[in-house]
């Protein structure tokens, strides 16, 4: 049977660490805890489960801390967990079966990550597969009988194990501080990190967070060279940056710049985020009829690139508000407007985030 190393990075997790470790400790052959500066009982609690506790000075870099934790592992596979995760009884049993049946060819095991809507700051689906278990040492293999090549893509297994993410508070404030630091220190930034910053802003950012991010996404526009090629505009960073800047300009009442970015978006990839921004602009400026056109487009005729809710409950709620306002002012048939308001309100309430199988 294969062996597992648990690698965790922690800081001031006394409220949740015991709950996490109690749910997974017996599945692990070694437990490695890397502490990045706790001032509470975190290390004391960790000591009930392992003596492999290491201090690592916090560098505003989660990857650096995780790489350090991985360097201490000695077993066949490395399982990574956060302190606010829990494995319930059913999934504990699934984990046991996985350990008994895992074949050595598998290099990464993905597990479903479940976060309640209350604490979700980045997810666009109810549960998503995340890589959680990694083969510590990888053996490269040649493939294909002719024109042979080394297989570089890892062999990934999507398991049926579900990890419950049960944070005690949202992490967006911490995340936005780290985003600004990462984008400001001059090092290369991956496309993934660019997307995650834009997505987290649209899902959980405040107006202040958007305005603080404005220089970052202005830089994206500048460094793009305003390349009008389809490849750059449809699936690169540019559409994300335009969405962020459109919101920033609306917040600041910079009407000309707002429409500049909104219209530019339409030449790249018409998305529900921009339709919602246009709807909000017209609603705020006393034109609910025009707002309805754009909210309808967001809900039924486009899709989101950053926040799936802009193609779901958000424009539906806005449509309900618009029709309520029309019923009280300029609607020829107040009864019809109120009926539509109730219709869209009901649709918004019944809307659910998609499951990973729907994506």
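Residue numbers (the working numbering): 3 to 361.
By construction, the Cβ of each residue, glycine as well, lies at the ideal position given by its N, Cα and C atoms.
Since we're looking at a predicted model, the values are computed, not measured.
With contacts defined by Cβ atoms closer than 9 Å, residue 145 and residue 128 do not form a contacting pair. Of all C-beta pairs linking the region 23 to 41 to the region 49 to 67, three or more are shorter than 8 Å, placing the two stretches in contact. The continuous beta strand (DSSP E) containing residue 134 extends over residues 129 to 137. The region 101 to 111 and the region 171 to 187 do not touch, with fewer than three beta-carbon pairs separated by less than 8 Å. Given a length threshold of 4 residues, the region 319 to 351 has no whole run of the alpha helix (DSSP H) inside it. Between residue 152 and residue 203, the alpha-carbon positions lie close to 40 Å from each other. The closest CA to that of residue 296, considering only 47, 316, 309, 308, is found on 316.
Bounds of the alpha helix (DSSP H) holding residue 91 are 91 to 103. Taking all protein chains shown into account, residue 30 has 16 or more neighbouring C-beta atoms within 10 Å of its C-beta and is therefore buried. Pairing residue 336 with residue 133, the inter-Cα distance amounts to about 53 Å. Residue 244 is not bridged by DSSP to any residue. Exclusion of the five residues before and after residue 251 leaves 259, 260, 263 as the residues of its chain whose Cβ lies within less than 7 Å of its Cβ.
Beta-bridge partners of residue 160 (DSSP): 112. By alpha-carbon distance to residue 77, the top candidate from 88, 9, 47 is 9. Under DSSP, residue 8 forms a beta bridge with 33, 81. When the Cα atoms are used, residue 183 and residue 325 turn out to be separated by approximately 43 Å. Judged by DSSP in its simplified three-state form, residue 18 adopts coil rather than helix or strand.
Judged by DSSP secondary structure, residue 199 falls within the alpha helix (DSSP H) whose first and last residues are 193 to 206. Contact check between the region 88 to 105 and the region 57 to 71: fewer than three CB pairs, one atom from each, fall below 8 Å, which does not count as touching. Contact between residue 67 and residue 11 holds: their C-beta atoms lie close to 4 Å from each other, under 8 Å.
Residue 242 sits away from residue 195, with the two beta carbons spaced by 9 Å or more. Rounded to the nearest whole angstrom, the C-alpha separation of residue 85 and residue 266 is 43 Å. At a Cβ-Cβ threshold of 9 Å, residue 321 and residue 348 do not count as neighbours. With 16 or more other Cβ atoms inside 10 Å of its own Cβ, residue 200 counts as buried. If you ignore the 5 residues before and after residue 3, its C-beta comes within less than 7 Å of the C-beta of 101, 102, all in its own chain and listed in chain order. Taking C-beta atoms as the reference points, residue 93 and residue 165 count as a pair closer than 9 Å.
Here the alpha carbons of residue 50 and residue 20 stand approximately 9 Å from one another. Shown here, residue 353 sits in coil according to DSSP, grouped into three states, outside any helix or strand. Short of 6 Å from the beta carbon of residue 239, and not among the five residues preceding or following it, lie these beta carbons of its own chain, in chain order: 196, 222. Taking 9 Å as the cut-off, the Cβ atoms of residue 44 and residue 74 do not count as close. Contact annotation, residue 26 with residue 83: C-beta distance approximately 6 Å; criterion of less than 8 Å satisfied.
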